[in-house]
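Only one structure is covered here, and it is reproduced in the block below.
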Amino acid sequence: MPPRITIKRASIIIITLVPLFLLFQWTSTASAIQSEAIELQKHVKGVLLSASGSPQSYVVKGSRGVVITGPGKSVDMAVMAAILLRETGCQLPIEYAYLSNEMNEQQLETLRKHNITPRDFLTPEIQSYNWGHEELRLGAPKVAAILSSPFEQVLHLDPDIMPLRDPTYLFTTKTFQKYGALFWPDFRSTSRKNPIWKLTSTPYTFEFEFESGQIVLDKSRSSVLRGLTVAHYFCEHAAFYFHYMWGDKDAFRWGFKMAGSEYFLNRNQLVSVGLVVNSRNQRGNVTLKADGSSLNLPGNGAIDPIYPHLKTNRVKLSFWSGRYCGQSMLQMDFDDSLGSAAFEPTPLFLHANGVKHKHAYYDDIPPFQVSEMYMMPQGQTLTDLEVGDYTWVGSLRGQAECHRLTKYSGVDIVHIDFMKAYQGVNERYMRARRIAMGPSQ
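As structure tokens, this is what we get:
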């Protein structure tokens, strides 16, 4: 009996104390959210009533250009992005926006040597934000870099982006003319449980988060400037907001939402790119077997025919072939004719964020070997079905920073032989990387 009494008493103590601790934590968090929500609404109201949407005096009217943002350590990667961009035939001027306390003269000279204009956008106001390492890592300065650029129409690229075609045409699309703001999707949507919905007083809707490796903006539009101004507010207060949003990419999204500014989010799914590894082939180069199974899906006829390469380049993974390790992201173009039945999405940008660090890249191994995507019913998107996410795997068979798409009942995942479907991409990337960054390992 005594042991039972002791255990029961201990249980009572634990049950009593834990809720009190959590109650204090929840009350504190709820109070902070409520307080910040009030301040946010005040700020947004001020933006909408003020001249925040007026054209900026330092912007060159009618100008277009590419803005790449980053610290000194990303200069070599930015040079690689510029080389790859020029190879597509793009002639847009390129600037590298940086904070002066993160660069040295040698890095500035490297940029100039490759016809990239360095631009220091550090101001006393930005310095007063006291961004820490985590806020800087999550892209807190990015919105300020775009706002302060002299280009009126901006194509913003992350340093680890590989343009697969000349993106200049994006400025002349009907979609850009209509919205003035083009965004591309990330793998996941914002959870219904995320406090950001309450913070922003926004009713929940299923929508994919932004993947901000590539953004196209027209700053001559007051709606775009208002969206950027609110986005900058989130970044200014990153120490608080980045607990509820994933850095700059979410700042853009919520900034435009809160400002009531229209934007275009590409509905074509983001495709994962990586390799297949096993115990004998830890750097990929696994022999892949063609998947000859039927493309038909039960109950809905067939897959959407907009991806014709699925018919000839699908591969089948098994226990013996190995496991998929996704490390990069393939963004597609979009249907600018607003509903053309003949439209076939083709790759536009490759975000090689998982292999940008030297420890995750091998000079003699193609980094883009296999791609992974959802098999969609004809005429439907992931947004229509309200599915889509990725699972973080971490290290896998010697590979770092691996992910894979999350499985859903009724939606199959397929794998594509990337090197066969998109020939020449690896060769271009590897050549430009050697020129810009030298040997990795």
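Under mature numbering (1 follows the signal peptide of the UniProt record, and there is no 0), the residues of the sequence shown are numbered -32 to -1, 1 to 409, in order. Backbone N, C-alpha and C define an ideal beta-carbon position, used for all residues, glycine too.
When every heavy atom of the ligand ADP is checked, does at least one fall within less than 7 Å of the C-beta of residue i?
i   : result
N72 : For the ligand ADP, the structure offers nothing, since it holds no ligand at all.
Looking only at its chain, what residues have a beta carbon closer than 7 Å to the beta carbon of residue i, apart from the 5 residues adjacent to it on each side?
i      : result
L243   : G252, C293, Q337 and V338
M48    : A400, R401, A404 and M405
P118   : Y26, V27, V28 and S31
P407   : D331
Q(-8)  : Because Q(-8) sits at a pLDDT of 45, beneath the cut-off of 50, its placement in the model cannot be relied upon, and the following sentence gives the value as read from the coordinates. Correct list: empty, nothing qualifies.
V323   : Q295, S296, Y329 and P335
N72    : G40
I51    : A400, I403 and A404
L(-10) : For L(-10), the predicted model reports a pLDDT of 43, less than 50, meaning its position is unreliable; a value from the coordinates is still stated below. Counting only Cβ-Cβ distances below 7 Å, and skipping sequence neighbours, we find nothing.
Which residue from the options puts its Cα closest to that of residue i?
i           : options                    : result
Y97         : M48, D331, F208 and K187   : F208
E120        : L60, L132 and E204         : L60
Y64         : S25, P109 and K29          : P109
D301        : R133, K13, R80 and S157    : R133
F89         : A112, Q75 and Q74          : A112
D332        : G223, M398 and S18         : M398
L8          : H319, S289, K166 and M344  : K166
R282        : F202, E312 and D380        : D380
Q2          : S247, Q182, Q367 and P163  : P163
F311        : G347, T173, E369 and I94   : G347
F174        : V15, G366 and D352         : D352
G38         : R291, R105, K10 and P171   : R105
K81         : V43, I114, S229 and G100   : V43
T170        : K10, T56 and A5            : A5
H371        : S377, T140, Y201 and T359  : T359
G33         : F220, Y376, N83 and G215   : N83
M226        : T(-4), V15 and S(-2)       : V15
S286        : H383, A(-1) and L17        : H383
H11         : L196, S363, G215 and V355  : L196
M344        : S377, H327, V241 and D186  : S377
residue 420 : H205, F386, S247 and D186  : Since the displayed the chain opens at -32 and closes at 409, residue 420 lies outside it and no answer follows.
N249        : R291, F220 and Q237        : R291
V254        : S159, S289 and A(-3)       : S289
T314        : F386, G100 and A50         : F386
A258        : A206, K284 and L52         : K284
I129        : Y147, Q145, D186 and L53   : L53
G100        : E204, E73, S(-2) and S159  : E204
W222        : V241, T168 and D186        : T168
H325        : V241, Q367 and Q145        : Q367
W152        : N72, E354, H200 and F220   : F220
T158        : V355, G362, K375 and T(-4) : V355
V241        : T140, Q74 and L373         : L373
My understanding is that residue i touches residue j, with C-beta atoms under 8 Å, so please give their C-beta distance in whole angstroms.
i    : j    : result
L150 : V184 : 4 Å
P86  : Y66  : 6 Å
K142 : D304 : 5 Å
E103 : F210 : 6 Å
R194 : D357 : So it is not a contact: roughly 31 Å between Cβ atoms.
A46  : P131 : The pair is not a contact, with the Cβ atoms about 13 Å apart (cut-off 8 Å).
M213 : F202 : 7 Å
R160 : Y172 : 5 Å
Got a sec? Which residues, its chain only, sit under 8 Å from residue i by beta carbon, not counting five neighbours each side?
i    : result
K217 : G107, D154, E177, F178, E179 and S180
I94  : L67, P109 and A112
L138 : L123, F144, L150 and V184
Just to confirm my understanding: we take residue i, look at its own chain, exclude 5 residues before and 5 after, and list those with CB closer than 6 Å. What are they?
i           : result
P239        : Going by the sequence as given, residue 239 is Val instead of Pro. Excluding residues within five positions, the ones whose Cβ falls inside 6 Å are L298, S339 and M341.
T349        : R235
residue 451 : It is not possible to answer for residue 451, since the shown part of the chain is limited to -32 through 409.
H124        : V35, I114 and I183
C58         : D134 and T136
V122        : V35, I114 and L185
A206        : E103 and A108
S116        : F89
If you measure from the beta carbon of residue i to each beta carbon in chain D, is any gap under 8 Å?
i    : result
A108 : Reference to chain D is not applicable here, since this structure consists of a single protein chain.
Ranges of the beta strand (DSSP E) found wholly within the stretch 141 to 166, counting only runs of at least 3: Within the stretch 141 to 166, the complete beta strand (DSSP E) runs of at least 3 residues are 149 to 151 and 153 to 157.
Starting from the N-terminal side, write out each stretch of the beta strand (DSSP E) that is 3 residues or longer and does not extend beyond the stretch 86 to 131. The qualifying runs are 119 to 125 and 129 to 131.
At 3 residues or longer, and completely inside the stretch 189 to 247: list those beta strand (DSSP E) runs for me, N to C. 239 to 245
Any 3 or more C-beta pairs closer than 8 Å across the stretch 173 to 182 and the stretch 222 to 241: Output reads yes: the stretch 222 to 241 touches the stretch 173 to 182.
Within the chosen definition, does the stretch 316 to 335 reach the stretch 375 to 395 through at least 3 CB pairs nearer than 8 Å? yes
Unbroken stretches of the alpha helix (DSSP H), 4 residues or longer, contained in the stretch 55 to 81: 73 to 81
Could you give the uninterrupted runs of the alpha helix (DSSP H) lying entirely in the stretch 336 to 364, keeping only those of 4 residues or more? DSSP runs (the alpha helix (DSSP H)) wholly in the stretch 336 to 364: 350 to 353.
Please specify which runs of the beta strand (DSSP E), each continuous and at least 3 residues long, are wholly inside the stretch 282 to 334, giving them in chain order. If only uninterrupted beta strand (DSSP E) runs of at least 3 residues are considered, those enclosed by the stretch 282 to 334 are 282 to 284, 291 to 300 and 315 to 319.
Quick check on the DSSP output: what are the complete alpha helix (DSSP H) runs of length 4 or more inside the stretch 377 to 405, in order along the chain? 386 to 389 and 393 to 405
Where are the alpha helix (DSSP H) runs, 4 residues long or more, that stay fully inside the stretch 14 to 41, in chain order? none
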